[in-house]
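Here UniProt numbering is used: position 8 in the sequence shown is 8, and no number is missing along the way.
This report concerns only the one structure given below.
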Amino acid sequence: MTLHEYVTDAEFTDVLDGVKDLLKETYHITDREADSVLRASRDKAEAYVQDYTPYLKAIKEIRHALRETLDTQFEQAVDPEQELRIRMSNDAAVWVTFECIRRFCKNSVLNL
């Protein structure tokens with residue numbers, strides 16, 4: 001697994017820019033020096049991501065399972081004779097549940 005498998009190119013650029021700013025702020029170095037440090041750290045970062053692979057795979061599996069559950073709940077057969085209000089209520093319940101779980105997962109990751 002490589003870092004690029006977990007983030008888009010734009011996100012990776014944002015990460016590099018953020019780390020560059022941190023390096024400059026923390027070590028009082030120039031842009032050029034920070035760029036040099038980042039280039040030198042790339043291989044090490046790729047090696048470090050291997051330590052996280054089991055956890056990242058588990059997160060991907062959980063994300064996939066959550067998506068399957070959401071799809072299953074939306075696909076539940078609704079009797080054509082049921083009122084639109086019941087269908088809307090079911091959809092709203094699925095959306096509320098999914099959004100709360102999505103935010104929990106997002107906040108859990110942000111608090112690492």
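Each residue gets a CB set at the ideal place from its N, CA and C atoms; glycine is no exception.
Values in this document were obtained by computation on a predicted structure and should not be read as measured data.
- With fewer than 16 other Cβ atoms inside 10 Å of its own Cβ, A47 counts as exposed.
- Excluding five sequence positions before and after H4, the CB atoms of its chain that fall closer than 7 Å to its own CB belong to F12, given in chain order.
- DSSP, read as helix, strand or coil, puts H64 in helix.
- F74 and T8 have their C-alpha atoms some 29 Å from each other.
- Inclusion of V37 and L22 in the CB contact set at 7 Å is not warranted, their separation being larger than that value.
- In the three-state DSSP reduction, Q50 falls in the helix class (H, G or I).
- Per the C-alpha coordinates, the member of S108, V15, L16 and R102 positioned closest to H64 is R102.
- Counting of Cβ neighbours within 10 angstroms places A34 among the buried residues, the total reaching 16 or more.
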